[in-house]
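Peer 1: Let me begin by handing over the structure; questions about it come next.
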Amino acid sequence: FLNTGRGDAGSFAIFSFSGMVVVGVFIVLFLLRFQNEWIDKTLLKLFHLIKKEEVYKSHMQVHIFELKKFLSFKMLLNPLLVTIVMWACYSLTYYYTGLALAVPMNAAEITFVIFFGAISLAVPSAPSGVGVFHASVISAFIVLKKTSSLGLFFATGIHLLGFVVFTVVGFLFYFYWIYKRRNGKPVNFKEFEDTEKIGN
């Protein structure tokens, strides 16, 4: 799926599997959008066979129909744009971190490491994902035929960079909040409340 140029059969197999997973996800999304009624009827029959038809109707059916409404261009446009920007920022972060730490990676390898890290944090894992990100990056590096120590080094660098950035931004907002309070101008959280209401 992603050609790293290493010519390794094991890595090629992993990338091919990743490609099949991505293609499978797109197929499922296509079916949910354009074959929604067929999926509903099929699931209804399956749950009827195991005598759990009411469970499907009361807990799952509504979500199947809602997914069809959500999987429209109008609904997906903003999330898609945000996702593209986020992945671009992540890619640049990984690229420049690799340069700073003398861990050169091409675009395919960067995408693969980001994908590995995202998947590891998406599934249920240790509390707060402690160590999960590092383990996933190490695993990705091993698949790419790089050393595990290099993967740990890179993952630590990425985490350190994120810690510094979020800490600095957090302090800036904190000092801004203190400044507003001391000058009798409390921070207006109405816009955040409105955003939360829209999200709910």
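Quick note: the sequence shown uses this note's numbering, first residue 842, plus one each step. The beta-carbon is built from N, C-alpha and C at its ideal position, and this holds for glycine as well.
When burial is assigned at 16 or more other CB atoms within 10 Å of the CB, is V866 buried or exposed?
Peer 2: So V866 ends up on the exposed side.
Peer 1: Given a cut-off of 8 Å, decide if L993 and H975 are closer than it, judged by their beta-carbon atoms.
Peer 2: A contact, by the Cβ cut-off of 8 Å.
Peer 1: With DSSP run on the structure shown, which of helix, strand or coil describes T785?
Peer 2: An answer regarding residue 785 cannot be provided, because it is not within the stretch 842 to 1041 covered by the chain.
Peer 1: Under 8 Å, do V923 and Y935 count as touching if we go by C-beta distance?
Peer 2: In this structure, Y935 does not lie closer than 8 Å to V923 by Cβ.
Peer 1: Note down the Cα distance separating K898 from H889, rounded to an integer number of angstroms.
Peer 2: Distance between the alpha carbons of K898 and H889: 10 Å.
Peer 1: From T938 to H900, what does the alpha carbon distance come to, in whole angstroms?
Peer 2: One C-alpha to the other measures close to 45 Å.
Peer 1: Under the three-state reduction of DSSP, which class applies to P920: helix, strand or coil?
Peer 2: P920 falls in the helix class under three-state DSSP.
Peer 1: Check for me: the alpha helix (DSSP H) holding Q876 runs from which residue to which?
Peer 2: Run containing Q876: none; DSSP gives neither H nor E here.
Peer 1: Look at the alpha carbon of N877 and the alpha carbon of S989, and state the distance between them as a whole number of angstroms.
Peer 2: Distance between the alpha carbons of N877 and S989: 44 Å.
Peer 1: Just to confirm before moving on: does the CB-CB distance between L912 and L873 stay below 8 Å?
Peer 2: Yes.
Peer 1: So, for G848: in the same chain, excluding its five sequence neighbours on each side, which residues have a beta-carbon less than 7 Å away from its beta-carbon?
Peer 2: Because G848 sits at a pLDDT of 46, beneath the cut-off of 50, its placement in the model cannot be relied upon, and the point is left open.
Peer 1: For I880, which residues in the same chain have their Cβ closer than 7 Å to its Cβ, ignoring the five residues on either side in sequence?
Peer 2: If we look at I880 and ignore the five residues flanking it on each side, its Cβ neighbours are L872, L873 and I905.
Peer 1: Is V1005 helix, strand or coil when you go by DSSP?
Peer 2: Reduced to three states, the DSSP call for V1005 is helix.
Peer 1: Does the Cβ-Cβ distance between S932 and F957 come in under 8 Å?
Peer 2: No, Cβ-Cβ distance for S932 and F957 is not below 8 Å.
Peer 1: For V973 versus L962, is the C-beta distance shorter than 8 Å?
Peer 2: Taking 8 Å as the Cβ cut-off, V973 and L962 qualify as a contacting pair.
Peer 1: Mark I1019 as exposed unless 16 or more other C-beta atoms lie within 10 angstroms of its C-beta, in which case mark it buried.
Peer 2: I1019 should be labelled exposed.
Peer 1: Between the alpha carbons of V1009 and E894, how many angstroms are there, rounded?
Peer 2: Roughly 53 Å between the two C-alpha positions.
Peer 1: Decide if E907 is buried, meaning its Cβ has at least 16 other Cβ atoms within 10 Å, or exposed.
Peer 2: Under this definition E907 is an exposed residue.
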